[in-house]
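*Asks:* One structure, pasted below without further comment.
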Amino acid sequence: MNKLIPFFLSIVLAFSSCTQEEKEPNVALPTALEYDIEVSKSTEGLVNVTVSAILANYYTVSFFEDEEPAVVEIKEGEEASYQFKSSGTYAVRIRAHATYQHFIEEEDSVTVEVKDTGNNGNNGELPKTGYTTPLSYNGYNLVWQDDFNGNSLSTTDWNYEIGTGSNGWGNNELQYYRKENTEVKDGYLIITAKKENFGGREYTSSRLTTQGKQSFKYGRIDIRAALPYGQGIWPALWMLGSSHSSVGWPRCGEIDIMEMVGGNVPGGGESRVHGTVHWDNNGS
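Just so you know, we're using the working numbering here: the sequence shown kicks off at 904 and counts up by one.
Given below as structure tokens:
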């Protein structure tokens, strides 16, 4: 996960004098804007938008569900996706940009139906569809897997990290991590984030590691996971170097397999996941 690092910025301002008023350069606007809005038949509330135009450098698609729209930026050939949380008819704004300030746009609407289940349209059930990880790859040998069979988490492989950590585990996290928020059921590991008062915090969740029990130097890690959604949600799957306890972060190294920042936040939202690598650069 991200750790806050103090740093300083040196700002150099360059000044120049001009004898006449600078004119804004002429920018050729995109033309022939076309788009397609598709409501998913397999995932409730999911809407996919494809866009094309002549002379466009990139596109933005805004989905107006909450007070502030969720804005998704895409390039030619990519798809803008957003999953609505409630049934209704919502405005969608499509822009083809030459620059951030120079664009053409169209406005449309989309109607979605989402069952009011409180569990992202799954009637309280875990999703049964989606990608399935292969059990073999050419040139690789399977050395460990956990299919979460049984009714409890294997402490031979996993650790529960309890509490609030230092400075919210280095990320200003708001929850208190508890063992009780973890459940193994029907071949699934279920981590439930709850809004409840415990240990001086207003939220609880679980944090699990394989530190000291399972570690790998080279290879491939496959994880199949269904993510929650909503403002403030921050699910993450990541790897830390085994030397973390002795040399600290970031010297131990870190590979963020997946992080998702839920809700309407800059660079975030359920339609986008992040993968990041952290390392030590001479102590910085």
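Glycine included, each C-beta is placed from N, C-alpha and C at the ideal position.
In this structure, how does DSSP classify Glu970 when only helix, strand and coil are distinguished?
*Replies:* Here Glu970 sits in coil by DSSP.
*Asks:* Give me, in chain order, the residues of the same chain whose beta-carbon lies closer than 7 Å to that of Asn1041; leave out the 5 immediate sequence neighbours on both sides.
*Replies:* Nothing listed; no residue qualifies.
*Asks:* For Ala935, does the count of other Cβ atoms within 10 angstroms reach 16, so buried, or fall short, so exposed?
*Replies:* When all chains shown are included, Ala935 counts as exposed.
*Asks:* By Cβ distance below 7 Å, which residues in the same chain neighbour Tyr1034 in space, the five residues on each side in sequence not counted?
*Replies:* If we look at Tyr1034 and ignore the five residues flanking it on each side, its Cβ neighbours are Arg1127.
*Asks:* According to DSSP, what are the bridge partners of Leu949?
*Replies:* Looking at the DSSP assignment, Leu949 forms a beta bridge with Gln986.
*Asks:* Across the stretch 1082-1089 and the stretch 1118-1126, are there enough close Cβ pairs to call them in contact, namely three or more that are closer than 8 Å?
*Replies:* The stretch 1082-1089 vs the stretch 1118-1126: no contact.
*Asks:* Quick check on the DSSP output: the beta strand (DSSP E) that includes Val1087 runs from which residue to which?
*Replies:* It spans 1085-1088 - the beta strand (DSSP E) in which Val1087 sits, taken as one unbroken run.
*Asks:* Determine the contact status of Ala1001 and Val952, defining contact as a CB-CB distance below 7 Å.
*Replies:* Not closer than 7 Å, so no.
*Asks:* Excluding the 5 residues flanking His1147 on each side, which residues of the same chain have their C-beta closer than 7 Å to its C-beta?
*Replies:* Counting only Cβ-Cβ distances below 7 Å, and skipping sequence neighbours, we find Cys1155.
*Asks:* In the stretch 1082-1150, which residue ranges form an unbroken beta strand (DSSP E) of at least 3 residues, counting only runs that do not cross its ends?
*Replies:* As far as the stretch 1082-1150 is concerned, its whole beta strand (DSSP E) runs of at least 3 residues are 1085-1088, 1091-1094, 1097-1101, 1104-1108, 1139-1143.
*Asks:* Rounded to whole angstroms, what's the CA-CA distance from Ser1012 to Gly991? Just pull it up for me.
*Replies:* Whole-angstrom Cα-Cα distance: 10 Å.
*Asks:* Among the residues of its own chain, which have a CB less than 6 Å from the CB of Ile997, if the five just before and after it don't count?
*Replies:* Excluding residues within five positions, the ones whose Cβ falls inside 6 Å are Tyr938, Val954, Val964, Glu1009.
*Asks:* Report the CB separation of Val1015 from Val942 in whole angstroms; it is logged as a contact under 8 Å.
*Replies:* Right, their Cβ atoms sit about 6 Å apart.
*Asks:* Okay, do the stretch 1098-1106 and the stretch 1061-1078 touch, 3+ Cβ pairs below 8 Å being the bar?
*Replies:* Cβ pair count under 8 Å is three or more, so yes.
*Asks:* Let me confirm a value: Pro928 is counted as buried when at least 16 other C-beta atoms fall within 10 Å, else exposed. Which label applies?
*Replies:* So Pro928 counts as exposed.
*Asks:* Mind checking which residues open and close the beta strand (DSSP E) that includes Gly1178?
*Replies:* Element bounds for Gly1178: 1177-1181.
*Asks:* I need the DSSP call for Gly1066, collapsed to helix, strand or coil.
*Replies:* Reduced to three states, the DSSP call for Gly1066 is strand.
*Asks:* Among the candidates Leu1140, Ser984, Thr1112, whose CA atom is the shortest distance from the CA of Ile940?
*Replies:* Considering only alpha carbons, the answer is Ser984.
*Asks:* Which first and last residues belong to the beta strand (DSSP E) in which Met1161 is found?
*Replies:* Per DSSP, Met1161 belongs to the beta strand (DSSP E) from 1157-1162.
*Asks:* Does the distance from the CB of Trp1061 to the CB of Leu1111 come in under 7 Å?
*Replies:* Yes, the pair counts as a contact, with Cβ atoms nearer than the cut-off.
*Asks:* For Asn1167 versus Glu947, is the C-beta distance shorter than 7 Å?
*Replies:* Not in contact: Asn1167 and Glu947 (Cβ atoms no closer than 7 Å).
*Asks:* Would the beta-carbon of Asn1044 fall within 7 Å of that of Gly1090?
*Replies:* No, the Cβ-Cβ distance between Asn1044 and Gly1090 is not below 7 Å.
*Asks:* Determine the closest residue to Glu1076 out of Thr1059, Ser989, Trp1137, Ala1129, with distance taken between C-alpha atoms.
*Replies:* Taking only the C-alpha atoms, the option nearest Glu1076 is Trp1137.
*Asks:* Give the C-beta separation of Lys1116 and Thr1032 to the nearest angstrom, bearing in mind that I take them to be a contact with Cβ-Cβ under 8 Å.
*Replies:* The Cβ separation is near 31 Å, so there is no contact.
*Asks:* Using DSSP with H/G/I as helix, E/B as strand and the rest coil, what is Gly991?
*Replies:* Reduced to three states, the DSSP call for Gly991 is strand.
*Asks:* Nearest to Tyr962 by alpha carbon, out of Ile977, Ala973, Glu968?
*Replies:* Comparing Cα positions, the closest option is Ile977.
*Asks:* Could you give the first and the last residue of the continuous beta strand (DSSP E) run that contains Ala1001?
*Replies:* No beta strand (DSSP E) contains Ala1001, which DSSP labels as neither H nor E.
*Asks:* Using only CA atoms, which one of Ser1118, Val1164, Ile1093 lies nearest to Ser1109?
*Replies:* Closest option to Ser1109, Cα to Cα, is Ile1093.
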